[in-house]
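>
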Amino acid sequence: MASNSENTNSNIQNTQNTAETPQMLRVLGPTIVIGDFYDGYDMSYLPPRSKRSKKEEVMFIPPDECTLEELNRTINVKVYWRETSTSTFPIRMFQSIESIFEHFVKIEQINITHITLTLHGKILRPTDTPRSINYKISDFIDGKIDFYQSSISDPSKNNEAKEEKLEDDEIKIYIMQKDVRKRIFFTIKKNEKMIILYIKVSEKLGLDIEQFTLLLDGDNIKWNDTVKTLDLEGDECVQLDEKDEK
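Heads up: the sequence shown begins at 36 in the working numbering, then just goes up one per residue.
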């Protein structure tokens, strides 16, 4: 009888172990991690994930503790060129990808209008940035030579024509420079802080972000200001004031 009892207990344990096995084997195949430290995605500075709705997550404003280096960090932009090789370019989040176009112009000895770069089927422009194209570290930009059609050479598809179209959550702000007649404009999302505008101006004009101030009606625009706190509606003109070098 004792032997039968032991066999019964053994069968029960085996049945329990067998039932647990499917719960333990949840991963099918190898796990591949794309990207590394050099991609610039050190996420240690981010606060713990909070319970937000998807809409609230989209409207999330970077915390004050995010430094300038973190907001405009450098990532590796990968280009799969002519289906033969992959090139990697270290680009800042708000830096234009014009240098990528220039690289392939140089190695292929062709005009920039014949360089076509696309990401997820969307044609990219030299004025685009990793931020504007929502580049992820797992992305690969496709590159090719196109002698028959180019978004750069076609005026109807050119940069300024596309930039005029704003998203619903964006406004346009004009920047005026001393002794420069032509205004330049930038777009900023309604939920973003003005430090984003400062970074864009710095990258576009090649200025040290610490060496200029943006003025609205004579008042300094602070990095932590927002579209709401400044009561901006769009198309406002902002004066760029460069600080005197000591």
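Glycine included, each C-beta is placed from N, C-alpha and C at the ideal position. Computed from a predicted structure; not experimentally measured.
1. DSSP beta-bridge partners for residue 124?
2. Please report the distance separating the alpha-carbon of residue 266 from that of residue 169.
3. Whole angstroms is fine: what's the gap from residue 216's alpha carbon to residue 210's?
4. Under three-state DSSP, which class holds residue 251?
5. To the nearest angstrom, report how far apart residue 246 and residue 236 are at their CA atoms.
6. Does DSSP put residue 209 in a helix, in a strand, or in coil?
7. Hey, would you say residue 203 sits closer than 8 Å to residue 224, going by beta carbons?
8. Mind checking who residue 157 pairs with in its DSSP beta bridge?
9. Mapping the DSSP letters down to three states, classify residue 140 as helix, strand or coil.
10. Excluding sequence positions up to five away, which residues of its chain have a Cβ less than 6 Å from the Cβ of residue 220?
11. Taking a contact to mean a Cβ-Cβ separation below 8 Å, would you say residue 128 touches residue 110 in this structure?
12. Kindly give me the distance between the Cβ atoms of residue 248 and residue 255, rounded to whole angstroms, as I take these residues to be in contact under 8 Å.
13. Let me know the secondary structure DSSP gives residue 227 once reduced to three states.
14. Return the Cβ separation of residue 251 and residue 273 in integer angstroms, given the expectation that the two are a contact with Cβ distance under 8 Å.
15. Does the beta-carbon of residue 62 have 16 or more other beta-carbons within 10 angstroms, so that it is buried, or is it exposed?
16. Tell me whether the beta-carbon of residue 151 lies closer than 8 Å to the beta-carbon of residue 176.
17. For residue 178, which of 227, 144, 149 and 232 has the nearest alpha-carbon?
18. Go to residue 105, then tell me how far its alpha helix (DSSP H) extends in each direction, as first and last residue.
19. Return the first residue and the last residue of the beta strand (DSSP E) that residue 273 is part of.
20. Report the rounded CA-to-CA distance for residue 144 versus residue 233, giving the unit in angstroms.
This is what the structure gives:
1. 112
2. 27 Å
3. 11 Å
4. strand
5. 12 Å
6. strand
7. no
8. 154
9. helix
10. 207 and 209
11. yes
12. 6 Å
13. coil
14. 5 Å
15. Its pLDDT being 35, under 50, residue 62 is placed unreliably in this model, and the coordinates cannot settle the point.
16. no
17. 149
18. 103 to 106
19. 271 to 277
20. 36 Å
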